[in-house]
Amino acid sequence: MSEPQEPRKPEDNGQDSADQQAYDAEFADLIAKLGDIDFEPESAVSSQDEQLDLPEESEPPLVNRQATACFLTPVASAEALGALCALSGISAVVVPTEAGAMVVQNLELTEEQWGMALLVESLNELDSDLDTVASTLTEIIRMPVVVFSALLAPGTEQEPGVTGQVLAGRWVNQAFESDLPAGLVIAQMPIVIEELVLGRVNPAEVDGAVDTVDIPRWKALRMLGRGIKNSREERRRQRGQTDSHDDAMGDTDTAGRGDAS
193 MSEPQEPRKP EDNGQDSADQ QAYDAEFADL IAKLGDIDFE PESAVSSQDE
243 QLDLPEESEP PLVNRQATAC FLTPVASAEA LGALCALSGI SAVVVPTEAG
293 AMVVQNLELT EEQWGMALLV ESLNELDSDL DTVASTLTEI IRMPVVVFSA
343 LLAPGTEQEP GVTGQVLAGR WVNQAFESDL PAGLVIAQMP IVIEELVLGR
393 VNPAEVDGAV DTVDIPRWKA LRMLGRGIKN SREERRRQRG QTDSHDDAMG
443 DTDTAGRGDA S
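Plus 192 on top of the position in the sequence shown (first one is 1) and you've got the numbering used here.
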């Protein structure tokens, strides 16, 4: 398979129909090469739930309520996924994690929507925008997506600390599949995922994060090609380390047999 070509930058005076067709063709070609990006399957999650720790009182107090949606994908490259989000009209911050690139958004909820959201028991019932983003992601990466939502608010005199709820679910083939035990799922993930879901860190401040807002089309295409190329090189490097390890083990076995003889 040939390396992705460098997309051309459009002229400042706009694109005509021929330019649009050319970019569409380049985008389709780059999407077809997504199979070269590593996809790390997650281990099966038990149906037994586990309580998720909300922010501790020793942490900076929560001043305003926050509603966050996080979409965990098996895509290895945050840059490539950020480009795909920009090209698909998804405004978010894409953060690299050891479990895969994660798309982080703030949910804009009215007072009424907030109150209703706290009553839902299934992530599928929470917010239509969340469903749209999750479905779009499964379409563009052609893989399942695990979604988390966190509704957190400052406590009261009666209930000090932080109050709220965290939900998790899985989307497959552009549709909601099932709810997941949020605490247990997050407990199996790298700590940065819990910190992002609970709003303990600003996603834009994580190393390698990609903000998809206002990324022009030509830049997104270039980012996508670079992300795919970097993933290929990383996979080749890892394969080379594995081969070297296997060769070393083979030499050790040979030396051991020689001593025994």
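Every residue, glycine too, gets a C-beta built ideally from N, C-alpha and C. Since the structure is predicted, the reported quantities are computational estimates derived from the model, not experimental observations.
Practice task
With DSSP as the reference, please indicate the residues paired to residue 306 in a beta bridge.
Solution key: Partner(s): none; residue 306 has no beta bridge.
Problem - Reference residue 284, options 406, 376 and 392, closest by Cα - result: 406
Practice task
Report all residues from its chain with a CB closer than 7 Å to the CB of residue 363; omit the five preceding and five following residues, and keep chain order.
Solution key: 326, 327, 330, 336, 337, 339 and 369
Problem - Terminal residues of the alpha helix (DSSP H) in which residue 293 lies - result: Premise fails: residue 293 is in no alpha helix (DSSP H) and is neither H nor E.
Problem - Pick from 346, 342 and 355 that is closest to residue 361, judged by C-alpha positions - result: 342
Exercise for the section: Provide the residue span of the alpha helix (DSSP H) that contains residue 278, from first to last. Expected result: 270-279
Practice task
Take residue 243 and list the residues in its own chain whose beta-carbon comes closer than 6 Å to its own, dropping the five residues that flank it on each side.
Solution key: Only weak support is given to the placement of residue 243: the predicted model assigns it a pLDDT of 48, under 50, and the value that follows is read from those uncertain coordinates. Within the same chain, residue 243 has close Cβ partners 375.
Handout entry: The alpha helix (DSSP H) enclosing residue 339, as first and last residue numbers
Key = That residue, residue 339, is in no alpha helix (DSSP H); its beta strand (DSSP E) goes 337-346.
Problem - Helix, strand or coil at residue 387 [DSSP, three-state] - result: helix
Practice task
Quick one: grab the DSSP three-state call for residue 355.
Solution key: strand
Handout entry: Residues that residue 360 bridges to, as DSSP identifies them
Key = 340 and 372
Handout entry: Of the listed residues 298, 261, 366 and 420, nearest to residue 268 (C-alpha basis)
Key = 420
Practice task
List the whole-angstrom C-beta distance separating residue 278 from residue 412, where the pair is believed to meet the contact cut-off of C-beta under 8 Å.
Solution key: 4 Å
Exercise for the section: Express the C-alpha separation of residue 408 and residue 313 in angstroms, rounding to a whole number. Expected result: 38 Å
Problem - Where residue 414 falls, given that 16 or more other Cβ within 10 Å makes a residue buried - result: buried
Problem - Per DSSP, cross-strand counterpart(s) of residue 402 - result: 286
Handout entry: Nearest candidate by alpha-carbon position, reference residue 148, set 299, 367, 292 and 280
Key = In the structure displayed, the chain extends from 193 to 453; residue 148 sits before or after that span and is not available.
Problem - Beta carbon of residue 318 nearer than 8 Å to that of residue 371 - result: no
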